[in-house]
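Quick notes on the structure that follows.
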Amino acid sequence: MLQSRLAAPLVALAAPLLLYGGALVSQFGFGLHPCEMCYWQRWPHQAAIMLALLALLLNRNDKAMRSLTWLAAIAIAISGLIGIFHAGVEYGLWEGLTTCSTSHSGPISLDEIMAAPIIRCDVAQWRLFGISLAGFNAIFSLAAAALVLTLLRRRTTSAA
């Protein structure tokens with residue numbers, strides 16, 4: 051399977067789907083409300099999913115498929131880099147957001163503000179072996195991006 055020309059785009063699709071899906075399960079299944087930086091990590095995964103899907107749809111055009119897969123890998127890596135930043139804020143290595151933020155857009159009432167849960171970006175809601183969800187996102191995202199790029203490179207060198 052990893053020798054297939056579709057291996058890289060499939061990994062570029064599966065990794066962000068699993069990571070984004072895990073974030074949604076932790077939010078809606080286990081009640082872990084995301085902070086602003088958690089949302090930042092989701093956006094590149096959403097972009098990677100779209101890019102990888104498009105790459106798979108355009109699989110007859112090898113150049114377009116490879117370019118879109120490469121862009122998906124970069125988006126996955128960006129989520130990992132944001133995860134490093136967020137984990138560093140959680141571990142107190144550097145300062146994070148210094149202003150209040152909300153996931154709502156447009157006008158918001160005082161009642162909505164008062165009813166919203168207070169989610170701090172500098173406090174991890176969950177850890178396993180001392181690693182927060184942001185830390186796990188960083189590890190898995192960067193590993194997945196490296197795997198996708200390796201698969202793309204392997205395909206290039208084997209074709210030459």
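Take the sequence shown: its position 105, counting from 1, is numbered 155 in this note's numbering, and each next residue is one higher. Each residue gets a CB set at the ideal place from its N, CA and C atoms; glycine is no exception.
- For residue 96, the enclosing alpha helix (DSSP H) begins and ends at 86 to 107.
- By the CB criterion at 8 Å, residue 91 and residue 187 fall inside the cutoff.
- In this structure, the beta-carbon distance from residue 104 to residue 118 falls below 8 Å.
- Annotation for residue 72: the continuous alpha helix (DSSP H) segment containing it runs 57 to 74.
- In this chain, residue 159 is not harboured by any alpha helix (DSSP H), its DSSP state being neither H nor E.
- Looking at the DSSP output, residue 178 bridges to 181.
- About 5 Å separates the Cβ atoms of residue 201 and residue 57, confirming a contact at the 8 Å cut-off.
- Counted as a single uninterrupted DSSP element, the alpha helix (DSSP H) harbouring residue 112 occupies residues 112 to 140.
- Contact check for residue 198 against residue 172 fails: the beta carbons are separated by 8 Å or more.
- Leaving aside the five residues that flank residue 127 on each side, the residues in its chain whose CB is nearer than 7 Å to its CB run, in chain order, 191, 192, 195.
- Each residue's CA atom was taken as its position, placing residue 180 and residue 101 some 33 Å apart.
- Put simply, of 106, 123, 204 the residue whose alpha carbon is nearest the alpha carbon of residue 94 is 123.
- Distance from residue 79 to residue 133 at the Cβ level is roughly 20 Å; contact not present, criterion being Cβ atoms closer than 8 Å.
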